[in-house]
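Colleague: Would you mind keeping the following structure in view while I ask a few things?
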Amino acid sequence: MTDNHAHIVENIRTVRKNMDAVLQGRQNATLVAVSKYKPADDIKAAYEGADQKHFGENYVQELVEKSEILPRDIAWHFIGNLQSNKCKVVAAIPNLYAVETIESSKKADSLNKACIQVSRESKINVFVQINTSGEESKSGAEPSACVEIAKHIVDNCPQLNLLGLMTIGAPDRDGSEGENPDFVCLRECKSKVEQAIPGLSLELSMGMSADYQEALAAGSTNIRVGSTIFGSRPPKQ
Numbered sequence: 099m100t101d102n103h104a105h106i107v108e109n110i111r112t113v114r115k116n117m118d119a120v121l122q123g124r125q126n127a128t129l130v131a132v133s134k135y136k137p138a139d140d141i142k143a144a145y146e147g148a149d150q151k152h153f154g155e156n157y158v159q160e161l162v163e164k165s166e167i168l169p170r171d172i173a174w175h176f177i178g179n180l181q182s183n184k185c186k187v188v189a190a191i192p193n194l195y196a197v198e199t200i201e202s203s204k205k206a207d208s209l210n211k212a213c214i215q216v217s218r219e220s221k222i223n224v225f226v227q228i229n230t231s232g233e234e235s236k237s238g239a240e241p242s243a244c245v246e247i248a249k250h251i252v253d254n255c256p257q258l259n260l261l262g263l264m265t266i267g268a269p270d271r272d273g274s275e276g277e278n279p280d281f282v283c284l285r286e287c288k289s290k291v292e293q294a295i296p297g298l299s300l301e302l303s304m305g306m307s308a309d310y311q312e313a314l315a316a317g318s319t320n321i322r323v324g325s326t327i328f329g330s331r332p333p334k335q
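Numbering (the numbering used here), first residue to last: 99 to 335.
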């Protein structure tokens, strides 16, 4: 194992210790190691050295290439913008665990149709992405649309399993005005959806390298941590 790979393993262990310190056994949370732009060897080191199973990728082609050469029990999360014409490619990845960026009923329909077209054997977990910060540069549905989209998935997309809600949120929230409003908003959306669909229990995907501990304290069950584990990334070519 190289020094860099040993460092990656140690970083994962540190993140898990921090997670345990926040959660204190109150709930389980999934650590998604965001591996975009990182070589397959780095992912394999995390998988083998730290028993890390959940990894997140932002770009379809990168996800396809890595999924073909890395262990088949890795649980891949697609966390980038999913174009409708790429749904079939994503749906064909056998160990795709979740798509976290479903922002509309139309996109859910496209992914559901793609699952049928590729004869996918298992459902794909999906998160509805909510634009909690209201920034025009951010993808995601308006918070007011969360119930409508969730109902559509449950009622009309049998190849999809509605697992939760996701937000990226605004950067550089410093907590000076209390709890992060993005986290508050996503929790409120969760409550509305669960009230509208009896028996549904949603996960919350919120929190990244800079704020994952705060997110866990706010109720996140799925954190997406990249640079804290793998180090800084090169710019996209």
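The beta-carbon is built from N, C-alpha and C at its ideal position, and this holds for glycine as well. All values derive from a computational prediction rather than experimental measurement.
#1: Are the C-beta atoms of Leu180 and some chain C residue less than 8 Å apart?
#2: Please report the Cβ distance between His152 and Val187, rounded to the nearest whole angstrom; I am assuming they are in contact, meaning their Cβ atoms lie under 8 Å.
#3: By the 10 Å Cβ neighbour count, where 16 or more other Cβ atoms means buried, how is Lys227 classified, buried or exposed?
#4: Check each candidate in Met306, Ala248, Glu166 and Lys290 and name the one with the smallest Cα separation from Ala268.
#5: If you follow the beta strand (DSSP E) that Asn223 is in, where does it begin and where does it stop?
#6: Ignoring anything shorter than 3 residues, give me the beta strand (DSSP E) runs that lie fully in the stretch 207 to 281, in order along the chain.
#7: Return the CA-CA distance between Ser165 and Asn193, expressed in angstroms with no decimal places.
#8: I'd like to confirm the pairing. Which residues does DSSP put opposite Leu194 in its beta bridges?
#9: Under 8 Å Cβ to Cβ from Leu314, same chain only, skipping five residues before and after it: list those, please.
#10: Starting from the Cα of Thr230, find the closest Cα among Glu160, Thr265, Pro169 and Arg170 and give me that residue.
#11: Which same chain residues end up closer than 6 Å to Asp171 when comparing Cβ atoms and leaving out the 5 residues on each side of it in sequence?
#12: Between which two residues does the alpha helix (DSSP H) harbouring Ser165 extend?
#13: Pull up the DSSP beta-bridge partners for Glu155, would you.
#14: Which residue's Cα is closest to the Cα of Met99: Ser133, Tyr195 and Gly147?
#15: Assuming Ser303 is part of the beta strand (DSSP E), what are its boundary residues?
#16: I'd like to confirm the pairing. Which residues does DSSP put opposite Ile141 in its beta bridges?
#17: Secondary structure at Ile295, three-state DSSP: helix, strand or coil?
Modeller: Well, looking at it:
#1: No chain C is part of this structure, which consists of one protein chain only.
#2: Contact doesn't hold; Cβ gap of about 20 Å is too wide.
#3: Checking the sequence, you will find Gln at residue 227 rather than Lys. Gln227 is classed as buried because its beta carbon has at least 16 other beta carbons within 10 Å across all chains shown.
#4: Among Met306, Ala248, Glu166 and Lys290, the Cα nearest to that of Ala268 belongs to Met306.
#5: For Asn223, the enclosing beta strand (DSSP E) starts and ends at Ile222 to Gln227.
#6: Fully enclosed beta strand (DSSP E) runs of 3 or longer: 222 to 227 and 258 to 264.
#7: Linking Ser165 to Asn193 through their CA atoms gives a straight-line distance of about 8 Å.
#8: Trp174.
#9: Excluding the 5 residues flanking it on each side, Leu314 has same chain C-beta neighbours closer than 8 Å at Met117, Val120, Leu121, Ala127, Gly305 and Ile321, in chain order.
#10: For Thr230, the closest C-alpha among the options Glu160, Thr265, Pro169 and Arg170 is that of Thr265.
#11: Excluding positions up to five away in sequence, the list is empty.
#12: Taken as a continuous stretch (DSSP letters only), the alpha helix (DSSP H) holding Ser165 covers Val158 to Ile167.
#13: BP columns for Glu155 point to Phe176.
#14: When Ser133, Tyr195 and Gly147 are compared, the shortest CA-CA separation from Met99 is found for Gly147.
#15: Start and end: Glu301 to Ser303.
#16: BP columns for Ile141 are empty, so no partner.
#17: If DSSP states are grouped into helix, strand and coil, Ile295 belongs with coil.
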